[in-house]
Amino acid sequence: MAKIIAIHSFRGGTGKSNTTANLACLLAREGYRVGMVDTDIQSPGIHVLFDLDTNDIPYALNDYLWGKCDIARAAYDVTKTLGADATGRLFLVPSSIRAGDIARVLHYGYDVTLLKEGYRQLIRQLPLDYLFIDTHPGINEETLMSIATTDVLLIILRPDQQDYQGTAVTVEVSRQLEVPEMYIVLNKVPVRVDREALAAKAVSAYDCPVVGVLPHDEDMLDLGSSGIFSLRYPDHIISREMRRIVQRLTP
Amino acid sequence: MIGCGWGLVYGVLNSLSNIMLLPSAPFISIRPQIALPMAVGILLNPPAGFVVGFIGNMIGDGISGFGIWKFWNWHLANGLMGFIPGLIRYFGIVKIGTVREFGILQMSVVLASGIAVAFAVLLDVCFLHHMTFPSSFPSWILPAFLTDAVNGFVLVPVILLAFRKILLTLEIRTICLVTILLLLAVFSTAVSITLSILDDLVSQEAVIENFYIAGIVSVFLLVVGFLASVVFVRRFTDPVIRMSRASQEVESGHYDLSLLDPVSSRNDELGRLSRVLQKMAKTVQERERSLRQQVQDLQIKIDRKRKDEEVREIVETDYFRELKKKAKAFRSS
Ligand SMILES: Nc1ncnc2c1ncn2[C@@H]1O[C@H](COP(=O)(O)OP(=O)(O)O)[C@@H](O)[C@H]1O
Ligand SMILES: [Mg+2]
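Residue numbers (my numbering), protein chains in the order written: chain L, 81 to 331; chain E, 53 to 385.
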């Protein structure tokens with residue numbers, strides 16, 4: 081049975097899109113059929129990592145939510161990103177970056193139950209082994225819908241007080257929604273910090289497994305939001321951590 | 053009370069020493085015990101020093117048969133000698149641990165002798181008429197000043213050391229050593245002149261005259277030499293004292309060692325030591341800062357009350373209740 085994996089964070093810029101893209105690529109390289117949905121409609125980002133110019137594409141997630149198309153029509157095959165030796169397949173459902181489309185969502189909103197229905201259809205039609213949901217930061221109706229739908233919730237946080245506090249709320253709310261598997265990933269951890277000690281602290285603070293502690297890295301910044309870090313620098317500590325997370329997600 | 057007790061001791065010592073008269077000074081004896089009222093004035097307070105000096109001199113005169121009131125002006129002078137050195141406590145000197153404090157102490161002793169003798173002489177010339185000014189100078193005034201100043205200078209520090217009023221710091225040890233050398237020089241002169249009395253060819257008067265000229269020169273040299281050594285010793289011990297203070301600073305968590313800058317610019321072993329000290333302080337400071345940062349980094353503080361409030365705001369909406377009901381069905385479909 082397919083697994084839905086939602087990636088969430090309390091604030092923006094935490095590394096959701098990056099982590100989503102890297103984990104999805106690593107899984108697809110192992111031979112799985114993997115999908116990604118960018119539900120961060122207000123500030124889409126993940127398409128940049130796959131060189132997908134949303135001005136050129138006919139449909140986006142927005143069109144599905146407004147009933148203009150099937151969700152599978154908005155899914156684009158980005159398998160070529162993985163390189164020639166990949167055995168799996170990788171699909172991306174981007175959000176529109178057209179200002180008008182974003183404004184429309186902000187103004188009118190949309191029926192969030194369509195999200196859940198969309199995930200189901202993607203899994204069935206493409207078909208998929210794993211579906212990643214790149215969420216909007218913070219908690220609102222749409223992120224709650226994704227949390228209620230997902231099988232695995234990956235909460236990403238940076239080591240600062242605001243994220244610590246916000247994550248505590250997310251963890252508690254997600255427990256009430258009975259998410260079957262919930263993991264914490266610490267990102268942008270300053271290199272001076274003892275990562276193992278920090279992980280132990282987080283485990284006891286949230287009573288939740290910490291599956292990855294990623295250092296803040298200048299190479300990652302240089303790459304910016306173009307390129308998949310773990311494919312470009314497979315021996316880097318961040319890439320190793322990503323593979324460790326993937327191991328927790330696969331049987 | 054204590055003052056009176058020590059006064060009695062001082063008095064008895066006075067009566068004993070009245071036998072040891074200075075050469076050619078019929079009324080002035082060698083009086084090492086003068087250090088007693090001075091030390092009491094410093095250790096207790098100026099009035100106590102005054103009482104010891106005053107009563108002691110009175111008792112001494114009484115026992116020696118001079119009569120209790122005959123030399124009342126000298127009672128007052130002895131009182132002053134106890135009183136004046138005691139005043140150093142009002143210059144902020146509680147313990148003597150630096151050359152500066154030691155210098156003030158010694159000057160107060162010499163000054164007290166000078167003022168007291170001048171005071172006694174003034175009263176005598178005005179009211180008692182035992183002496184007349186120029187002729188009494190070699191037989192009364194000068195010997196009194198010399199014996200009191202030199203004895204005080206030598207013995208007051210010894211007593212204060214015994215009572216732990218003087219701390220044996222590096223500075224004090226050094227100035228004490230220099231003082232001893234000075235005194236040795238002065239005494240060797242005094243002894244050689246005194247021995248020349250035995251020489252029959254030299255007239256008694258000439259020897260005595262020499263003796264007092266040498267006395268004046270000696271006290272002058274003692275004071276000037278001492279003050280010069282104060283300056284010299286301070287320059288010599290300053291780097292070490294700064295480094296000692298610097299290490300105390302580091303111990304109490306202050307790592308700014310700019311007080312060592314003048315030492316670090318020296319070209320010798322002390323300069324090298326000082327530079328190493330400054331560098332070490334910087335390293336320790338860095339390490340401590342990073343350690344504190346590490347502890348800070350590992351702190352995950354969660355305001356439980358605020359969290360519970362925010363969670364309640366979310367889960368008590370109708371939307372959330374509906375969602376919660378449906379969530380199970382979503383996942384199994
Ligand atoms: N471990 C890291 N070290 C350095 N930069 C990072 C790291 N993780 C993410 N970033 C950078 O942070 C920025 C935001 O990441 P992104 O994945 O877009 O966050 P989100 O989707 O949560 O808003 C990107 O520029 C990304 O390159
Ligand atoms: Mg994003």
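In this text, a Cβ means the ideal position worked out from N, Cα and C, and glycines have one as well.
The three-state secondary structure of P295 of chain L, taken from DSSP, is strand. A check of alpha carbon separations from G138 of chain E across E:N109, E:P99, E:E153 and E:I115 identifies E:P99 as the nearest. The count of Cβ pairs closer than 8 Å, one atom from the region 271-289 of chain L and one from the region 119-131 of chain L, stays below three, leaving the stretches out of contact. Among the residues of the region 270-281 of chain L, those with a Cβ less than 8 Å away from any Cβ of chain E are P270, R272, V273, D274, A277, L278 and K281, in the order of the chain.
Secondary structure in the region 121-180 of chain E: the alpha helix (DSSP H) runs of 4 residues or longer, each lying completely within the stretch, are 124-138 and 151-175 in chain order. In this structure, the alpha-carbon of G147 of chain L lies about 10 Å from that of L141 of chain L. Residues of the region 343-356 of chain E whose Cβ lies closer than 9 Å to any Cβ of chain L, in chain order: Q345, Q346, D349, L350, Q351, I352, K353, I354, D355 and R356. Where D214 of chain L is concerned, the enclosing beta strand (DSSP E) starts and stops at Y210 to D214.
Taking 4 residues as the minimum length, the alpha helix (DSSP H) runs contained wholly in the region 249-319 of chain L are 275-286, 298-303 and 309-312, in order along the chain. Relative to ligand 2, S326 of chain E has its C-beta separated by 6 Å or more from all heavy atoms. Around the beta-carbon of M81 of chain L, fewer than 16 other beta-carbon atoms lie within 10 Å, marking it exposed. Under the 7 Å criterion on CB atoms, V249 of chain L is classed as interfacial with respect to chain E. The region 287-301 of chain E and the region 269-276 of chain E do not touch, with fewer than three beta-carbon pairs separated by less than 8 Å.
For the 7 Å CB-CB criterion, A108 of chain L and M116 of chain L do not form a contact. Interface residue (Cβ-Cβ distance to chain L less than 7 Å): A381 of chain E is not classified as such. E338 of chain E counts as exposed, since fewer than 16 other beta carbons sit within 10 angstroms of its beta carbon. I115 of chain E: member of the alpha helix (DSSP H) spanning P98 to S116, first to last residue. Residue contact with chain L for V363 of chain E: present (Cβ-Cβ distance below 7 Å to some residue of chain L). Neighbourhood of M225 of chain L in chain E, by CB distance below 8 Å: L375, in chain order.
With a threshold of 7 Å between beta carbons, V253 of chain L makes contact with chain E.
Within a 10 Å sphere around the beta-carbon of E153 of chain E sit 16 or more other beta-carbons, which makes this residue buried. Not one beta carbon of chain L lies nearer than 7 Å to the beta carbon of V336 of chain E. Comparing alpha carbon positions, the residue from L:T119, L:Q205, L:D136 and L:I227 closest to I182 of chain L is L:T119. For F215 of chain E, the three-state secondary structure derived from DSSP is coil. The beta carbon of V367 of chain E falls within 7 Å of a beta carbon belonging to chain L, placing the residue at that interface. Within the region 187-209 of chain L, those residues whose Cβ lies closer than 8 Å to any Cβ of chain E are, in chain order, K196 and R200. Residue pairing of D118 of chain L in beta bridges, as defined by DSSP: L:D214. Counting along the chain, I137 of chain L sits inside no beta strand (DSSP E), nor does DSSP assign it H or E at all. Using a Cβ-Cβ cut-off of 8 Å, L257 of chain L is close to L375, K376 and A379 of chain E, given in chain order. Using a Cβ-Cβ cut-off of 7 Å, T229 of chain L counts as an interface residue toward chain E, since at least one Cβ of chain E sits closer than that to its own. DSSP places L172 of chain L within a strand segment (E or B) once states are collapsed to three. Around the Cβ of N125 of chain E, a 10 Å sphere holds 16 or more other Cβ atoms; the residue is buried. In the same chain as P239 of chain L, and ignoring 5 residues on each side of it, the C-beta atoms closer than 8 Å to its own belong to L266, K268, V269, P270, V273 and L278, in chain order. A residue is called buried when at least 16 other Cβ atoms come within 10 angstroms of its Cβ; H127 of chain E meets this threshold and is buried. Listed along chain E, the residues sitting closer than 8 Å to Q241 of chain L by beta-carbon distance are K353.
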